[in-house]
Each structure stands twice: as structure tokens, then as C-alpha cells.
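I have placed the structure first, in the form of C-alpha cells, so that the comments after it can refer back to it.
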Amino acid sequence: MRTEQLEYIAAVTRLGSLRRAAEELRLSQPALSETVRNLERELGVDLLDRKRSGATMSAAGQELLPHIVNILDAVDRLRAAAGEQHRIRRMVRVGTVNAATVPLLMPVVREFRTEHPLTQVEVVGAQQSDIHRSLLEGGFDLGLVNHLEGDDMPAEFESTELLRGRPVVCLRADSPLAARTEVSADDLLTEPLIAMRSGYVMHRYVHRFLEGRSPAFAYSTDGAEMGKLMVAEGLGVTVLPEFSVVGGPLERQGAIVCRPLAGDRARVLLVLRRRRSEAVPLAARALHDTFVRRARRLGGGTGRAGGSEGDGPEGNGPEEAVAKIGTRPRSELYT
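Residue numbering for the sequence shown follows the numbering used here, beginning at -1 and increasing consecutively.
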């Protein structure tokens, strides 16, 4: 058994395809497939389920995946201990619902790239359920998701709260509703509504806020960025966490503005998740730490969300104190 065989399996699992893994590893697909089959014969189990749509980890492979990750991480630690300058080389894959892209995600990727120039970072937009599934299957190393305050945190992940903010209505600056200090549910029902598709936290929140009532007209879309673009083009309004709107290019240019929702005290948390594991790859750990540092500079809470021992938004330490995005000058939040 060779270390590269385990790295190949990890790449196929992460990318969900022998073809894409071969392209990333710069191997021919037949050579990669044969290498994986040799490992399967040596172990006596089928590690992958091969289908027309791609390759996924089999049930037996999922049981062995933690051991594979542990071995690869042990190799990383060995290289680090030996003074290996290129110890953090593997790609880090981040699934995101496209929240806080400008104030958090982009600066984090830029800072991480400066500190670890040999590590590739792949950012993939996806729904929260898909992010959770890929985290469990090893397809994503980290997941950036929204979470409604008060909901239970999933036990199978380590969750770190990065930011929190209130839901706001995002609308064009020339909208009649922009002249108001807050927007009610009845106001929202009179406007074409650009809603996140089912599977997003904000879809569930809006349905709850409107108490099941339907707006005059509705669109469905994926992610905050597309929603904001549709608002800027005059197609309607949308409801997002304020950290997804404030400080972004469209808001800075005056193309869109946001207003709070009347009578609503809900808060949305931006949470960074990773699969619970005894060993976390060095590159994923380093990127996780970069997210935490950036969130702390933004004034966000970086406690372990839903945890104990003083972790999370109700923790006792100063680093667990959570700032509400939008209550501080933008110059402090987005510099």
C-alpha cells in the first residue's frame, strides 16, 4: 500500500468522479482507476460505488474513510516535523451558501492563499443539505452555512459561529419601500418576492415570517448573490441576513439597500462546519483558523456554536461575545 493510493481515493471521494480526480492529479483515467482497483484488491473491499453519474464512497469505504484521513494527516504531521516546507499541499474544498461573500469569504481566501501558496482552495456554492452530505462523505473539508438562532446544531459536525445578523429586506434604492425605516410582512406581500429555493435556511425563515401567506408574485433562486443581482435589475425584493448585503459591491454602489423587518427579533448565524474527526487535515485546519481570525476582526462571535463549557454565543469569555453585524460603522466592519 502506498500513500498516493490513499490520496487518490480521497481525491475521487472529494470530487465525486474518477475523471475529475484524474484531471486534478494529472493522471490518465485508466491509470487512476487501475490504482484504485489495486488498493481495493489489497484491502479486500470495494471502496467506491461506480455509477454513470460519478463515483461515491461505498458503505465499506465510508467506514474506512476516517482511517484514510488519519493516515494522510499523519503523513502531513511527519513532513511538518521533518521541516517539510511544502507540507500543506492538498486542495481544500469549501461548500458555501454564498453568505457574507464580500466581508468574509473573499478576504479569507485571499489571506489563506498568501500564507499557503501551494494549497489550492475550491469554493463550491450549494444548498445546506448538499453541504452537510458532502462534509460527511468527505467531498467538502469545510462548510459555510446559515443557521437560525434557536435551532439545534447537528451533532455530527463541529460548528463554529462566525457572524450573526438580523434578516433584512434587500430592495432597490428607488423602491417606495426604501423610504421606510422598516418593512412589514404585509408590505412584503405586495412586492414580487425573490425567494431562496427550498433547502435554504432563508426559504424557511421567510415562510415562517409570512405565516404561510403567499406574495403577489415570487421567483425562486439559488444563493444570496443571484438574489441581489435580481433585486438590482428591478425584478423584486428578497430577504437575506444583513451580513450578506451590507458592504457588498451592489450596496456600496447604491444599487440596492436593505431595511429591517418590522416586529421581528430573529437572528441568523453564519456558521463554519466540519465533520467530527480525530484528525483534521492540516490545510483544512489552517483555512478554518483563517476564517475564525477574519470573523474576529469583523467583531463576530467565534465560539463553538451550540457547544458547552462556555462556547458559543452565550459563552462567558470575551471571544464569545457576538457583535451584531450592521450595528457598527461600515468602516470598521469591512476594512
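By construction, the Cβ of each residue, glycine as well, lies at the ideal position given by its N, Cα and C atoms.
Work out the CA separation of R202 and L45 for me, nearest whole Å. 37 Å
For the 8 Å Cβ check, are there 3 or more pairs between the stretch 184 to 196 and the stretch 152 to 165? With the cut-off at 8 Å, the stretch 184 to 196 and the stretch 152 to 165 do not touch.
CB-CB length for D139 against R272, believed under 8 Å: 7 Å
Environment of F215 [buried if 16+ CB atoms lie within 10 Å]: exposed
Which value, in whole angstroms, describes the spacing of the CA atoms of L267 and V199? 10 Å
Enclosing beta strand (DSSP E) for N144 [first to last residue]: L140 to L146
What distance in whole Å lies between the Cβ atoms of G232 and M194, which are believed to be in contact at a cut-off of 8 Å? Taking 8 Å as the upper bound for CB-CB distance, M194 and G232 are not in contact here, some 19 Å apart.
Using 8 Å as the Cβ pair cut-off and three pairs as the minimum, do the stretch 99 to 107 and the stretch 16 to 26 touch? no
Roughly how many whole angstroms lie between the Cα atoms of H145 and G245? 21 Å
Residue ranges of each beta strand (DSSP E) run of no fewer than 3 residues wholly in the stretch 165 to 224, ordered along the chain? 165 to 170, 190 to 194 and 215 to 219
By how many angstroms is the C-alpha of V106 removed from the C-alpha of G123? It is roughly 16 Å from the alpha-carbon of G123 to the alpha-carbon of V106.
Endpoints, alpha helix (DSSP H) assigned at E21: Residues L16 to L23.
Limits of the alpha helix (DSSP H) - the one that R111 falls within: M104 to E113
Going by alpha carbons, who is nearest to A281 out of L238, R111 and A58? R111
On a Cα-Cα basis, can you pick out the residue from A8, T11, Q3 and R50 that is closest to E32? Q3
Quick check on DSSP: helix, strand or coil for G308? Caution applies to G308, whose pLDDT of 35 falls short of 50 and renders its modelled position unreliable; the value that the coordinates give is listed next. The answer is coil: DSSP assigns G308 none of H, G, I, E or B.
Contact set for L227: own chain, Cβ-Cβ below 7 Å, skip 5 residues either direction: none
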